[in-house]
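Have a look at the structure below before the remarks.
Protein chains in written order, with this note's numbering: chain U, 25 to 324; chain P, 610 to 798.
Structure (structure tokens):
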């Protein structure tokens, strides 16, 4: 059974004996908390790439497990929304299933695994393969919001560096990386410049997903619950990965690799080692997209 | 709060978020059952954002009716023009107050104020000012009827040193809103 069918069967439409939360307000959080999150979101949208500090609340999951994303989602969700939650591309991971069940229990939303039919997508570490539209919002969970933390441990100092756009140490860090390894070796959390001003951590998405942030139709909201920061990339905004003229940014190379399940050759893939056969297999990281392609292939 | 009221606040915020992330586009606020008086749409809209942790200033509000209504509905208290988090200009003019409003600091630009202008009518085309920047696909020329002529120039000057600046929100008589955040470059003579 495909993951989508399984979720549709089990979760999409809770019956009368479902475990819908009772005794909680719509959206779980108290209204004061939501208002602060909303004010922070609006300021984040108005200052693209700037990390807005906010008073992150306790959530029914541990900090570091998506509480920043959940607080953003709960502050803006509507009962008519269709919610998709993914964890490293997978709709069926424990973290993703728990979050979508929680939001469904407190906000009565319909849930889906189909990127195109979702209105709000909360994600950990991936951006869906299918292009998103202007009617959708992507909420990204962020473990470490500060792109400069690799080069400066002090929060006061990184704040000053952002204030003065003093990013020389970041550039030096990248230069030293090239000297050591021949190219910039950052595989995920690749730093980007937003709207030509702030250097921003795009959350631990792979390089593959970074170009999707540039001049997109969709609004991207980033929530770091443990680190108490919210930031955003509005639609149609320049998002440029840091690169040098002679060492340009590049995405992961999957040339010659094909998804063993759906046959896709144009997606970000996970490498799986088959111990018994002793071979390497590749599968789409985006399980919703893979399910859709797999279903189409089997129907023909 | 009643469940319907909470959901209503969510719906208002979604419209606000859409307007703020797409400067120059005109969005319609949800229909209001409990909007009362001439400023009904305004105060209900502010309820999804404001509480006792933020302050407001209302211009041209001599008896203080609107300020009291905001306090009653949101818990936000009144403050001076140069310190308030939210500034409301019910007559479409700030009388040069934009030049004095809080623009934030380089370390904390989010401390810049949010300004709300009540205007007569908003339209997506036909305006004199040309907007471009994040959230705008190319350029936008929104029409803002009922906004004093100097205001966009004042807003442009207040937002000249990004990331310092003000985030403006325009609300018309028919419940439509449009935003010009500080990231938007305003081309106006």
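Think of the CB as a built atom: it goes at the ideal place given N, C-alpha and C, for glycine as much as any other residue.
Chain U contact for residue i (CB, 8 Å cutoff)
i, result
"residue 559 of chain P", "This structure cannot speak to residue 559 of chain P, because chain P is shown only from 610 to 798."
"residue 779 of chain P", "no"
"residue 676 of chain P", "no"
"residue 750 of chain P", "no"
"residue 654 of chain P", "no"
"residue 759 of chain P", "no"
"residue 729 of chain P", "no"
"residue 718 of chain P", "yes"
"residue 612 of chain P", "yes"
"residue 619 of chain P", "yes"
"residue 686 of chain P", "no"
With 16 other Cβ atoms within 10 Å as the buried cut-off, status of residue i
i, result
"residue 205 of chain U", "exposed"
"residue 301 of chain U", "exposed"
"residue 297 of chain U", "exposed"
"residue 191 of chain U", "buried"
"residue 199 of chain U", "exposed"
"residue 219 of chain U", "buried"
"residue 321 of chain U", "exposed"
"residue 770 of chain P", "exposed"
"residue 113 of chain U", "buried"
"residue 171 of chain U", "buried"
"residue 705 of chain P", "exposed"
"residue 211 of chain U", "exposed"
"residue 118 of chain U", "exposed"
"residue 60 of chain U", "buried"
"residue 785 of chain P", "buried"
"residue 246 of chain U", "buried"
"residue 626 of chain P", "buried"
"residue 274 of chain U", "exposed"
"residue 54 of chain U", "exposed"
"residue 737 of chain P", "exposed"
"residue 40 of chain U", "For residue 40 of chain U, the pLDDT reaches just 47, beneath the cut-off of 50, and the residue's location in the model is therefore unreliable, although a value from the coordinates is still provided. Under this definition residue 40 of chain U is an exposed residue."
"residue 323 of chain U", "exposed"
Residue-level contact to chain P via CB, residue i, 8 Å cutoff
i, result
"residue 71 of chain U", "yes"
"residue 38 of chain U", "In this predicted model, residue 38 of chain U has a pLDDT of only 49, less than 50, meaning its place in the structure is not dependable; the value taken from the coordinates is given anyway. Residue 38 of chain U does not count as touching chain P."
"residue 110 of chain U", "no"
"residue 226 of chain U", "no"
"residue 52 of chain U", "no"
"residue 102 of chain U", "yes"
"residue 167 of chain U", "no"
"residue 66 of chain U", "yes"
"residue 272 of chain U", "no"
"residue 323 of chain U", "no"
Through-space distance from residue j to residue i, alpha-carbon basis
i, j, result
"residue 651 of chain P", "residue 196 of chain U", "49 Å"
"residue 164 of chain U", "residue 193 of chain U", "27 Å"
"residue 67 of chain U", "residue 311 of chain U", "34 Å"
"residue 793 of chain P", "residue 754 of chain P", "20 Å"
"residue 370 of chain U", "residue 278 of chain U", "Outside the displayed span of chain U (25 to 324) sits residue 370 of chain U, for which this structure offers no information."
"residue 280 of chain U", "residue 612 of chain P", "54 Å"
"residue 691 of chain P", "residue 710 of chain P", "5 Å"
"residue 729 of chain P", "residue 638 of chain P", "15 Å"
"residue 660 of chain P", "residue 56 of chain U", "7 Å"
"residue 248 of chain U", "residue 631 of chain P", "24 Å"
"residue 276 of chain U", "residue 264 of chain U", "17 Å"
"residue 130 of chain U", "residue 45 of chain U", "6 Å"
"residue 77 of chain U", "residue 101 of chain U", "21 Å"
"residue 84 of chain U", "residue 179 of chain U", "28 Å"
"residue 107 of chain U", "residue 670 of chain P", "43 Å"
"residue 782 of chain P", "residue 727 of chain P", "8 Å"
"residue 676 of chain P", "residue 779 of chain P", "18 Å"
"residue 293 of chain U", "residue 155 of chain U", "17 Å"
8 Å Cβ cutoff met for residue i and residue j
i, j, result
"residue 329 of chain U", "residue 88 of chain U", "Nothing in the structure corresponds to residue 329 of chain U, since chain U is present only between 25 and 324."
"residue 665 of chain P", "residue 689 of chain P", "no"
"residue 713 of chain P", "residue 721 of chain P", "yes"
"residue 75 of chain U", "residue 253 of chain U", "yes"
"residue 734 of chain P", "residue 761 of chain P", "no"
"residue 746 of chain P", "residue 260 of chain U", "yes"
"residue 98 of chain U", "residue 47 of chain U", "no"
Endpoints, alpha helix (DSSP H) assigned at residue i
i, result
"residue 70 of chain U", "55-70"
"residue 125 of chain U", "118-131"
"residue 198 of chain U", "192-205"
"residue 727 of chain P", "Element bounds for residue 727 of chain P: not the alpha helix (DSSP H) but the beta strand (DSSP E), 723-727."
"residue 806 of chain P", "The structure shown does not extend to residue 806 of chain P, since chain P spans only 610 to 798, so no value can be given for it."
"residue 621 of chain P", "612-630"
The beta strand (DSSP E) enclosing residue i, as first and last residue numbers
i, result
"residue 754 of chain P", "752-754"
"residue 298 of chain U", "293-298"
"residue 114 of chain U", "No beta strand (DSSP E) contains residue 114 of chain U, which DSSP labels as neither H nor E."
"residue 777 of chain P", "776-780"
Any C-beta of chain C under 8 Å from that of residue i
i, result
"residue 766 of chain P", "Chain labels in this structure do not include chain C; the protein chains are U and P."
Residue i Cβ short of 7 Å to the ligand MG heavy atom set
i, result
"residue 240 of chain U", "Absence of the ligand MG from the depicted structure is noted, as is the absence of any ligand whatsoever, leaving it without description."
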